[in-house]
Amino acid sequence: MTTLTADGASPLAGVRRFLRHLLYVMTDNPMTAFAFMLFLLIVGAALVGPWLVPYDPLATNAGSTLQPPSWQHWFGTDQLGRDVFSRVVVATRLDLMIAVSAVAIAFVVGSTLGAIAGFYGGWAERITGRCMDTIMAFPLFVLAMGIVAAAGNTVENIIYATAIINLPFYARMARTEVAVRRNAGFVQAARLSGNADWRILAFQIFPNSLPPMMVQISLNMGWAILNAAGLSFIGLGVIPPTPEWGIMVAEGANYIISGHWWLALFPGLALMLAVFTFNLLGDGLRDLVDPQRRT
Amino acid sequence: MRKPLLDIQDLTVEFATRHGTVTAVQRVDLQLHKGETLGIVGESGSGKSVTSYALLRILDRAGRIASGSIVFGGVDIGGATERTMGEMRGRELSMIFQNPRAALNPIRAVGRQIEDVMIQHGLATRGNARAKAIQTLEAVKIRDAEQRYHAYPFELSGGMCQRIVIAIALACRPQLLVADEPTTGLDVTTQKAVMDLIVELAAERQMATLLITHDLGLAASYCDRIVVMEKGKIVESATTEQLFARPRHPYTQRLMRATPRLDAQVSDLLPLDDSRRVIPSQRPAGPPLLEVEQLVKTFGKRDSADAVRAVDSLSFTVHEGESLGLVGESGCGKSTTSAMVMRLLDPTSGSLRFAGTDLATIPAKAFARHPLRSQLQMVFQDPTDSLNPRWSARRSIADPLMRLGKLSRQDRYRRVEELAERVGLPGELLDRFPHQLSGGQKARVGIARAIALNPRLLILDEPTAALDVSVQAVVLNLLVKLREELNMSYLFISHDLNVVRLLCDRVMVMQAGQIVEEGPTARLLSEPAHPYTRSLLEAIPHPPAMPATLPPPLKESA
Numbered sequence: 008m009t010t011l012t013a014d015g016a017s018p019l020a021g022v023r024r025f026l027r028h029l030l031y032v033m034t035d036n037p038m039t040a041f042a043f044m045l046f047l048l049i050v051g052a053a054l055v056g057p058w059l060v061p062y063d064p065l066a067t068n069a070g071s072t073l074q075p076p077s078w079q080h081w082f083g084t085d086q087l088g089r090d091v092f093s094r095v096v097v098a099t100r101l102d103l104m105i106a107v108s109a110v111a112i113a114f115v116v117g118s119t120l121g122a123i124a125g126f127y128g129g130w131a132e133r134i135t136g137r138c139m140d141t142i143m144a145f146p147l148f149v150l151a152m153g154i155v156a157a158a159g160n161t162v163e164n165i166i167y168a169t170a171i172i173n174l175p176f177y178a179r180m181a182r183t184e185v186a187v188r189r190n191a192g193f194v195q196a197a198r199l200s201g202n203a204d205w206r207i208l209a210f211q212i213f214p215n216s217l218p219p220m221m222v223q224i225s226l227n228m229g230w231a232i233l234n235a236a237g238l239s240f241i242g243l244g245v246i247p248p249t250p251e252w253g254i255m256v257a258e259g260a261n262y263i264i265s266g267h268w269w270l271a272l273f274p275g276l277a278l279m280l281a282v283f284t285f286n287l288l289g290d291g292l293r294d295l296v297d298p299q300r301r302t
Numbered sequence: 042m043r044k045p046l047l048d049i050q051d052l053t054v055e056f057a058t059r060h061g062t063v064t065a066v067q068r069v070d071l072q073l074h075k076g077e078t079l080g081i082v083g084e085s086g087s088g089k090s091v092t093s094y095a096l097l098r099i100l101d102r103a104g105r106i107a108s109g110s111i112v113f114g115g116v117d118i119g120g121a122t123e124r125t126m127g128e129m130r131g132r133e134l135s136m137i138f139q140n141p142r143a144a145l146n147p148i149r150a151v152g153r154q155i156e157d158v159m160i161q162h163g164l165a166t167r168g169n170a171r172a173k174a175i176q177t178l179e180a181v182k183i184r185d186a187e188q189r190y191h192a193y194p195f196e197l198s199g200g201m202c203q204r205i206v207i208a209i210a211l212a213c214r215p216q217l218l219v220a221d222e223p224t225t226g227l228d229v230t231t232q233k234a235v236m237d238l239i240v241e242l243a244a245e246r247q248m249a250t251l252l253i254t255h256d257l258g259l260a261a262s263y264c265d266r267i268v269v270m271e272k273g274k275i276v277e278s279a280t281t282e283q284l285f286a287r288p289r290h291p292y293t294q295r296l297m298r299a300t301p302r303l304d305a306q307v308s309d310l311l312p313l314d315d316s317r318r319v320i321p322s323q324r325p326a327g328p329p330l331l332e333v334e335q336l337v338k339t340f341g342k343r344d345s346a347d348a349v350r351a352v353d354s355l356s357f358t359v360h361e362g363e364s365l366g367l368v369g370e371s372g373c374g375k376s377t378t379s380a381m382v383m384r385l386l387d388p389t390s391g392s393l394r395f396a397g398t399d400l401a402t403i404p405a406k407a408f409a410r411h412p413l414r415s416q417l418q419m420v421f422q423d424p425t426d427s428l429n430p431r432w433s434a435r436r437s438i439a440d441p442l443m444r445l446g447k448l449s450r451q452d453r454y455r456r457v458e459e460l461a462e463r464v465g466l467p468g469e470l471l472d473r474f475p476h477q478l479s480g481g482q483k484a485r486v487g488i489a490r491a492i493a494l495n496p497r498l499l500i501l502d503e504p505t506a507a508l509d510v511s512v513q514a515v516v517l518n519l520l521v522k523l524r525e526e527l528n529m530s531y532l533f534i535s536h537d538l539n540v541v542r543l544l545c546d547r548v549m550v551m552q553a554g555q556i557v558e559e560g561p562t563a564r565l566l567s568e569p570a571h572p573y574t575r576s577l578l579e580a581i582p583h584p585p586a587m588p589a590t591l592p593p594p595l596k597e598s599a
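Chains as they are written, first to last, in my numbering: chain A, 8 to 302; chain B, 42 to 599.
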């Protein structure tokens, strides 16, 4: 009986402990709970949005162009008679996918490079540090523009460009967080226990460096969404007629002057809401992953 | 009766926490007269520091004075405005903090920091502040005060920094000085110098001093009166003589017993009826286990002018089953030596023969997977820092078994339980994280991890330095018991000769990378030959001997 609980029962107990802690974090700070709700809404829209929307986001209707918001078309229709609400909801998936992939790549590559630099120091640190400085030397949005313009107008290239300009933040943060723990007592103890260096770095130091990086991830998500939308706004990246917030704002901007404000406003609001959510979520995430707060 | 300078009546301090309100200090009464030195003695969590913070009104945001009054020189501190307090702090009431380096601004020359306080309180003008600051530096016996005026905290030693903190605290000639563990973290000889200085300056200025400490020996040497605190309450208050002659409260008696003194054995630290008492048996030392010869470690570029010889041609032998003490003050190279013996650091030259193999030839990087790795283990100084904060106690203890143990999952589980039992860690604590464990429990986890692989040599790097004396007493007894049961050799590294004496058969005294004296513990401590050993011994504050018969203790609930 007891032998089975050795490591076997701990995942279940761990999950339960995590859920209890999640509940605590939510109730402790209502803002976090609110941000989490919004986050679920956005993720929900990304996952099932295309099946829920009332109209085909690409279907044009010459009979009802530039209709103001009404019960039939909540957010109105655009210059080709497409339903703006359906387009805004469907666009969530693409925008979120770009941001998640870009941040995931930036996090994995950046924190790996940074962790190695922080742990070994010396040449590893110098080379990584200078490379990151080089990236930081460019105005980041211009660098992203340059990358997409040079590599081609595809969704993948937007992801890579966004990932590259986010790399230095993770690399620097991981480097500092790892370096302060490099000579901690538990690291020495791990050496005595026969752990190889890579194992100490991967399983002991790195997980302890995660809490501040979680906050960075969340803040970066908002930023990455904005970046992807920005690239599309200036005509790089996603190509019309694909529904995407940045393109919709760009197209809608032409009609604001003629009083058709809903074309640009609603995708713009969606963009703002997404960025706002991820920024709010950051603090809650830190509480969630910090073992010190888990009792 | 004359009116006390400081009169604390019925003080209760509460903290708002995640789990409701916690009472840190409960109905404390304290009186302090001009020129008097009062010691508040207690272990961590006793509320001694919180009392002093309340007195200066520097409790953090969650804390508040729930009831009671603090009257200092006729001013009601509990009800004073922040503005009044700002004027009082530094000028009337001053405080010396535990960590002198943290208490100083790292990017400002120390002389400037003294000037700031004097100018703030209108005791100096921009014109004469410099001269006054230098005078103050001279008052705390800093040599070359003119040059030191321009020094930054990082350029000064811990003892010097504490002198600067004292200089800042005393710059405005306050009437009351609160010293919160002023010498924790300092070497014994520095501790003596700093404490002598505080007492001398206090006497010279007719200042009242409140000394907060966990060290009964220190309180006995420097205080007129002592109050003992436990769990937020004052359990006993008496003059120093009375307290040591007739300790009334069971907690005071326990504390006095647990403080290592000259005549005590390790078992004397615990009450007679404690099952954890261990009486060490005398055993002859076996054949040599570790032979260190001409060990050298140089930091910095070799042959350059700023190369530092941290360890200088060190030779010593540890026999099987023997416990060898290595004593020295900070910076003497004892930690470097232990890191080299543990094979965490490569020596510059010399040999380390362990059970017939020269370990110095195996690079530290490759030693992690070496078969001898399991034979050499270590217990670290700071039990908190040495445990991975994301791992449960069980996971931490299991780590060496997973890497080097070659046990099945079930055997490993059983082994961890067995180790926990051996070090006296209750099984239900195994699934807790380090921050949910007390200092003593964390120390046990560290010890269990170190003995998991049945090592032959265990290095103990000040394993009790971060613990309260009552916990230290239990841990020291545990270490004696483990050594006998598992037939390990110990290399015990410490700055505290009193603790070394309890645990070691032989002692080496190290100074500036070299061993200056070595010999059997009893002889070395009773007839030290080297002047450095003598100065170390003299600097230790000794609590007066325990009275042969203790008065019947008051009821614990009293």
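Ideal Cβ positions, reconstructed from N, Cα and C, are used throughout, including at glycine.
Predicted, not measured: the structure shown is a model, and the values here were computed from it.
DSSP places Q79 (chain A) in the coil class of the three-state scheme, outside both helix and strand. L211 (chain B) and Q422 (chain B) have their C-alpha atoms some 34 Å from each other. Secondary structure at G273 (chain B): coil, using DSSP grouped into helix, strand and coil.
The beta carbons of P572 (chain B) and L578 (chain B) sit about 11 Å from each other, so the pair does not count as a contact at 8 Å. Scanning its chain for C-beta atoms nearer than 7 Å, with the 5 sequence neighbours on each side dropped, one finds around E332 (chain B) the residues T358, R394, in chain order.
Residue burial annotation: G125 (chain A) is buried, with at least 16 other C-beta atoms found within 10 angstroms of its C-beta.
Residue nearest to H80 (chain A) within the set A:W269, A:A281, A:L276 is A:W269 (criterion: CA-CA distance). Here V95 (chain A) has F82, P250, W252, M255, F273, P274, A277 as same chain residues with Cβ atoms under 8 Å from its own Cβ, once five neighbours each way along the sequence are excluded.
The C-beta of G201 (chain A) comes closer than 7 Å to at least one C-beta of chain B.
In the DSSP assignment, the residues bridged to D399 (chain B) are B:R394. The DSSP-derived three-state label of R524 (chain B) is helix. For F421 (chain B), the chain A residues whose C-beta falls within less than 8 Å of its own C-beta are G192, Q195, A196, listed in chain order. Taking a Cβ-Cβ threshold of 7 Å, the residues of chain B close to P214 (chain A) are R431, in chain order.
Close to L367 (chain B), with beta-carbon spacing below 7 Å, lies no residue of chain A; the smallest spacing is near 18 Å. With fewer than 16 other beta carbons inside 10 angstroms of its own, I99 (chain B) counts as exposed.
Here K342 (chain B) is not bridged, per DSSP, to any residue.
For I183 (chain B), the three-state secondary structure derived from DSSP is coil.
Its Cα nearest to that of R431 (chain B), the residue A:L217 stands out among A:L217, A:Y262, A:I264.
Not one beta carbon of chain A lies nearer than 7 Å to the beta carbon of A396 (chain B). Taking 8 Å as the upper bound for CB-CB distance, R89 (chain A) and L65 (chain A) are in contact here, some 7 Å apart.
Within the region 298 to 330 of chain B, no residue places its CB atom closer than 7 Å to a CB of chain A.
Using a CB distance cut-off of 7 Å, P496 (chain B) does not count as an interface residue toward chain A. Residue pairing by DSSP puts M419 (chain B) in a beta bridge opposite B:I500. In chain order, S93, M136, L251 place their CB closer than 6 Å to the CB of V219 (chain B), counting only its own chain and leaving out the 5 sequence neighbours on each side. Sixteen is the threshold: when 16 or more other Cβ atoms of the shown chains lie within 10 Å of the Cβ of G104 (chain B), as they do, the residue is buried. Interface residue (Cβ-Cβ distance to chain A less than 7 Å): S427 (chain B) is classified as such. Using a Cβ-Cβ cut-off of 7 Å, R414 (chain B) counts as an interface residue toward chain A, since at least one Cβ of chain A sits closer than that to its own. Within chain A, the residues placing a beta-carbon under 9 Å from that of M383 (chain B) are Q195, R198, L199, ordered along the chain. What D347 (chain B) touches in chain A, judged by beta-carbon distance under 7 Å, is nothing: the nearest beta carbon there is about 20 Å away.
For F43 (chain A), the enclosing alpha helix (DSSP H) begins and ends at 37 to 59. Secondary structure of S110 (chain B) (DSSP, three-state): strand. As DSSP reads the structure, S118 (chain A) sits in no beta bridge.
Runs of the alpha helix (DSSP H) lying entirely within the region 196 to 247 of chain B and spanning at least 4 residues, in chain order: 199 to 211, 229 to 246.
Counting only residues of its own chain and dropping the five nearest sequence neighbours on each side, A196 (chain A) has no CB closer than 8 Å to any other CB. Cα atoms of L523 (chain B) and G136 (chain A): separation of roughly 48 Å, rounded to the nearest angstrom.
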